[in-house]
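First comes the structure, then the notes that go with it.
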Amino acid sequence: MYVLRRVVLPLVLPVVLVAAWWAATASSTDFFWPPLSDILGTFPDTWFQGRFTADVLPSLARLGAGYLLALVLGVGLGVAIGSARPLRALLEPVLEFFRAIPAPVLVPILMLFAGIGNGMKILVIVSGCLWPILLNTVEGVRGLDDVLSDTARCYRMRRGSRLVHLVLRGASPQIAAGARQALSIGIILMVISEMFAASNGVGFTIIQFQRSFSIPQMWSGIILLGLIGIALSAAFQAVESRALRWYTGLRRSQREG
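Just so it is clear: in the sequence shown, position 73 is 73 by UniProt numbering, and no numbers are missing.
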């Protein structure tokens, strides 16, 4: 039953969708909607013969750098803002204003200040990933139990210990929720940033295929992005389940109690 729930059931919908796509395009003669068999046939030659190191790895490196930088900034600023009520009241309107600005709109502005190199692409990813992490961290710190905070002060816990064992651990479920949301945003912005004045990357290559009417190769790039998203989501879930084991155990005991 465990294997059925954890392994088999999550695969049912993808298998059904792939089978439906295969059946719907099996006899297709549309140039822009080729059969799935043709797309999958071009996949290995397109991405595993030079382009993996030339395009995929640079894209993942930029995504990792931007995501980790957004994670550090978001958690650090979120803890500082969430811990100080006057600072939170002062900055809340500004945060809401900048959160409402779509990150792709900032691409031309960032190109003016950061150029067209990797720095611009990383900043685009940071500009989109920062806000869900920051705002979720603020809410997580803001929602800490006052009794726990008073107890930590009564026991005269050092500031560093209180930060690690009370603030960060107590807010970690909210932080993880923001980090998961930011990961999907980061993948989208990775592709968008590579569509502007780039010379490599998955997004750049997909656009080149589209402009040269290499339609099966273009579709294979879209499938590759989906596979990257699945792999990163699975890796994030593995880290999250290990880091928040105490929280999931607490929730399970509360439901069973």
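No residue lacks a Cβ here, since even glycine has one placed at the ideal position from N, Cα and C.
Residue of the options minimising C-alpha distance to residue i
i, options, result
"Ala70", "Val12, Glu240 and Ile122", "Ile122"
"Phe32", "Ala234, Gly229 and Ser214", "Ser214"
"Ala238", "Arg180, Val202 and Ser127", "Arg180"
"Ile81", "Leu144, Val138, Leu63 and Thr29", "Val138"
"Arg242", "Pro173, Val94, Ser212 and Cys129", "Pro173"
"Pro10", "Gly201, Ala234 and Ser59", "Ala234"
"Val105", "Ser127, Trp246 and Thr25", "Ser127"
"Ser83", "Asp145, Ser253, Ala100 and Ser184", "Asp145"
"Gly143", "Arg85, Pro216 and Ile109", "Arg85"
"Leu168", "Gly76, Gln210 and Val94", "Gly76"
"Ala231", "Pro216, Gly249, Tyr247 and Ser184", "Ser184"
"Gly41", "Asp30, Trp22 and Thr53", "Trp22"
"Leu17", "Gly249, Leu36 and Cys129", "Leu36"
"Met120", "Val72, Glu240, Phe52 and Ala65", "Ala65"
8 Å Cβ cutoff met for residue i and residue j
i, j, result
"Met218", "Ile206", "yes"
"Gly78", "Val141", "yes"
"Ala182", "Tyr67", "yes"
"Val107", "Ile192", "yes"
"Ile133", "Gly186", "no"
"Phe196", "Met111", "yes"
"Ala176", "Leu244", "yes"
"Leu135", "Leu148", "no"
"Thr25", "Pro14", "no"
"Val202", "Leu227", "no"
Assigned exposure category for residue i - 16 Cβ within 10 Å defines buried
i, result
"Cys154", "exposed"
"Gly117", "exposed"
"Trp131", "buried"
"Glu96", "exposed"
"Asp55", "buried"
"residue 261", "A query on residue 261 cannot be resolved here, the shown segment of the chain reaching from 1 to 257 and no further."
"Glu194", "buried"
"Ile39", "buried"
"Gly50", "exposed"
"Pro102", "exposed"
"Pro58", "buried"
"Trp47", "buried"
"Val220", "For the record, residue 220 in the displayed sequence is Ser; it is not Val. Label assigned to Ser220: buried."
"Ala19", "exposed"
"Phe209", "buried"
"residue 307", "The structure shown does not extend to residue 307, since the chain spans only 1 to 257, so no value can be given for it."
"Gly249", "exposed"
Which of helix, strand or coil DSSP assigns to residue i
i, result
"Glu194", "coil"
"Thr29", "coil"
"Gly178", "helix"
"Ile101", "coil"
"Leu244", "coil"
"Ser253", "helix"
"Gly201", "coil"
"residue 260", "The requested residue 260 is not part of the displayed model; the chain covers only 1 to 257."
"Ser172", "helix"
"Pro34", "coil"
"Phe209", "helix"
"Ser220", "helix"
"Ser184", "helix"
"Ser233", "helix"
Proximity test, Cβ basis, 8 Å: residue i and chain B
i, result
"Gly160", "Although the question refers to chain B, the structure presented lacks it and comprises just one protein chain."
Going along the chain, which unbroken runs of the alpha helix (DSSP H) with 4 or more residues stay wholly within the segment 125-162? 146-154 and 159-162
Secondary structure, alpha helix (DSSP H): runs of 4+ residues fully inside the segment 52-117: 57-83, 85-99 and 107-114
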